[in-house]
Amino acid sequence: MGHHEPVSDWKTDFDHTDDAWAADPYPIWDDLRRSCPVAHTGRYGGAWLPTRYDDVAAIAYDTERFTSRSVVVSEFRPPMALAPAGIAPPISSDPPFHNDARRMLLPIFSPHAVARLEPATRAYCDELIEALRGRDVVDAAEEYAQHIPVRVIANMLGLPESDADVFRGFVNHVLEGVALPMEQRAAGMLELFGYLQGHIEDHIASPRDDLITFLLESELDGEKLTPFHVARTIGLLLIAGIDTTWSAIGASIWHLAATPADRERLVSEPELLPVAMEELLRAYAPVTMARLVRDDMDWNGCPMKAEEWALLSFPSANRDPDAFERADEVILDRAVNRHVAFGLGIHRCAGSHLARMELRVALEAWLAAFPRFALEDPAAVRWSGGQVRGPRTLPVRIDDQESPEGSRLARPGAG
Ligand code: HEM
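For the sequence shown, my numbering begins at 34 and goes up steadily by one.
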């Protein structure tokens with residue numbers, strides 16, 4: 034990251050692409066929550082950063098004064114002409130259009146539809162694991178977590194799995210390339226749409242049983258979706274479905290690798306996983322989305338200007354001690370856990386059932402195969418910054434030995 038000047042003052046000049054934020058944002062948010070709960074920066078044409086749960090929630094619910102015309106902070110503001118759908122419907126659509134664009138997608142992501150994808154997801158996780166067996170050190174982000182959501186979404190959409198690197202390149206560009214010069218950013222977007230356009234034309238010529246054909250045959254207000262609308266929704270699904278889930282799987286494995294007591298507990302009490310997973314989603318929520326301020330206004334004492342950004346830090350809201358007891362601790366069996374990792378309000382994640390299934394299956398398969406693992410070198414772990422945060426380099430040492438005496442993890446200082 035770090036295309037910008039390093040941050041010197043998080044209250045008045047924050048930058049969510051700063052290396053310090055990527056490495057460990059929690060102390061930054063804790064400090065802001067106490068001393069300056071809505072921070073501001075002049076970067077990106079102006080942006081606000083609420084860090085308290087109540088403020089994040091208030092903005093997420095306020096679709097009158099904050100628009101979703103763009104949800105990824107950059108110097109670029111998408112043209113008004115794309116309204117009401119916006120650049121990536123439904124995430125970029127405001128009411129009332131948003132409701133129809135979202136409703137269309139819901140059957141694809143229903144619990145029933147997602148359950149049908151579980152066996153293939155499990156088989157794929159097992160296949161990835163087989164390829165890692167016998168190795169002492171593996172990269173759990175690069176060689177495991179990142180592949181799972183790419184494969185799932187490519188199969189759903191009807192895009193070739195062999196293009197996985199292409200998808201990841203696009204996603205990386207959209208989410209992590211926010212500080213690139215405008216021309217470079219626009220060129221990357223054009224490339225994405227060019228790629229999708231080719232596949233859409235192919236699906237128009239020969240329809241099949243997949244999501245691209247489903248979207249091409251869907252109607253809004255009695256009219257078929259235009260190929261341009263379909264391309265923008267597919268772009269959203271690629272971006273919303275890949276880095277997010279990859280980050281959640283990776284952050285969960287990172288936590289278990291760094292916290293032997295929690296790893297051991299999950300291995301001996303696998304029935305705890307669904308509850309533990311929610312806690313890991315709370316503590317390491319990967320996704321921060323943004324809004325644009327519609328008109329100049331005073332928002333709780335903040336002089337917000339039209340076209341400035343408001344970053345919805347769901348991850349910081351999840352660490353607010355006014356909303357969660359012992360907010361900065363991971364309590365695997367936390368009983369009350371109304372976390373907002375999937376957002377709040379009308380744009381709440383449409384793919385949450387799918388994300389949860391992928392996360393659960395990925396962790397089940399990993400823990401069953403590798404009950405003993407630890408960080409190989411904590412300093413070598415690299416986290417993505419920006420609006421989707423998760424480990425991108427995650428070397429873990431796997432101890433597959435039968436006998437505890439032979440275990441490298443059992444020796445003091447080895448983990
Ligand atoms: C752990 C993984 C995931 C997390 C943490 C996550 C988080 C979020 C969040 C916070 C939002 C709200 C955005 C906003 O308020 O502007 C959102 C929206 C959305 N997500 Fe996810 N997401 C995940 C996985 C997925 C997956 C796998 C898919 C589907 C492939 C998906 C599809 C969507 C869509 C379509 C929206 C837009 C909904 C709307 O605007 O009505 N997400 N997600």
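Yeah, the Cβ is synthetic: ideal placement off N, Cα and C, and Gly gets one too. Predicted model, so just to flag it, every value in this text is computed and none were measured.
Residue 108 to residue 43, Cα distance in whole Å? 19 angstroms
beta-carbon residue 376 near ligand 1 non-hydrogen atom, thresh 7 angstroms: yes
Specify, as a first and last residue, the run of the alpha helix (DSSP H) that residue 405 falls within. It is not in any alpha helix (DSSP H) - residue 405 carries neither H nor E in the DSSP assignment.
Tell me whether the beta-carbon of residue 347 lies closer than 8 angstroms to the beta-carbon of residue 318. yes
Residues near residue 192 in its chain [Cβ-Cβ closer than 7 angstroms; skip 5 each side]: 232
From which residue to which residue does the beta strand (DSSP E) around residue 74 run? 71-74
Residue range of the unbroken beta strand (DSSP E) whose run includes residue 431: 428-431
Taking C-beta to C-beta, are residue 273 and residue 314 nearer than 8 angstroms? No, these two residues do not count as a Cβ contact at 8 angstroms.
In whole angstroms, what is the alpha-carbon distance linking residue 154 and residue 427? 22 angstroms
Anyone know if the C-beta pair for residue 301 and residue 62 falls short of 8 angstroms? no
Residue from 105, 106, 128 whose Cα sits closest to the Cα of residue 116: Closest option to residue 116, Cα to Cα, is 128.
Report buried or exposed for residue 341, applying the criterion of at least 16 other Cβ atoms within 10 angstroms of its Cβ. buried
Quick check on residue 215: buried or exposed, where buried means 16 or more other Cβ atoms within 10 Å of its Cβ? So residue 215 ends up on the exposed side.
Kindly indicate which residue of 269, 295, 248 has the alpha-carbon position closest to the one of residue 259. 248
Would you call residue 424 buried or exposed, if buried means 16 or more other Cβ atoms sit within 10 Å of its Cβ? buried
Taking 7 angstroms as the cut-off, does the CB of residue 262 come closer than this to any heavy atom belonging to ligand 1? no
With a threshold of 7 angstroms (Cβ to nearest heavy atom), would residue 313 be considered close to ligand 1? no
Inter-stretch contact at 8 angstroms, needing at least 3 Cβ pairs: the segment 185-204 / the segment 83-95: With a cut-off of 8 angstroms, the segment 83-95 and the segment 185-204 do not count as touching, because too few Cβ pairs lie within range.
Roughly how many angstroms lie between the CA atoms of residue 91 and residue 72, to the nearest whole one? In this structure, the alpha-carbon of residue 91 lies about 16 angstroms from that of residue 72.
Suppose you measure from the CA of residue 375 to the CA of residue 320; what does that come to, to the nearest Å? Inter-residue distance for residue 375 and residue 320 is about 8 angstroms (C-alpha atoms, whole angstroms).
Run through the segment 331-370 for me and flag every whole alpha helix (DSSP H) of 4 or more residues, listed as ranges in chain order. 347-350
Please determine, among 343, 169, 391, the residue with the shortest C-alpha to C-alpha distance to residue 307. 391
Whether residue 329 touches residue 339 by CB criterion (8 angstroms): yes
Taking contact to mean at least 3 C-beta pairs separated by less than 8 angstroms, is the segment 264-279 in contact with the segment 203-223? yes
Thinking residue 406 and residue 429 are a contact (beta carbons under 8 angstroms), I'd like their distance in whole angstroms, please. 5 angstroms
From the DSSP output, which residues share a beta bridge with residue 324? 343
Do residue 104 and residue 431 count as a contact pair if the criterion is CB distance below 8 angstroms? Their beta carbons are not under 8 angstroms apart, which means residue 431 does not touch residue 104 by this criterion.
Looking at residue 390 and ligand 1, is the gap between the Cβ and the nearest heavy atom below 7 angstroms? no
Does the Cβ of residue 379 lie closer than 7 angstroms to at least one heavy atom of ligand 1? Residue 379 Cβ: within cutoff of ligand 1.
From which residue to which residue does the alpha helix (DSSP H) around residue 220 run? 215-238
Are the C-beta of residue 337 and some C-beta of chain B separated by less than 8 angstroms? No chain B appears in this structure, which consists of one protein chain only.
At what residues does the beta strand (DSSP E) containing residue 289 begin and finish? Where residue 289 is concerned, there is no enclosing beta strand (DSSP E), although the alpha helix (DSSP H) it sits in stretches over 276-291.
For residue 324 versus residue 45, is the C-beta distance shorter than 8 angstroms? no
Distance between residue 151 and residue 363 (C-alpha atoms, nearest Å): 27 angstroms
Within its chain, find whatever has a CB closer than 6 angstroms to the CB of residue 24; leave out the 5 residues flanking it on each side and keep chain order. For the chain, the structure presents residues 34 to 448; residue 24 sits outside this window and is missing.
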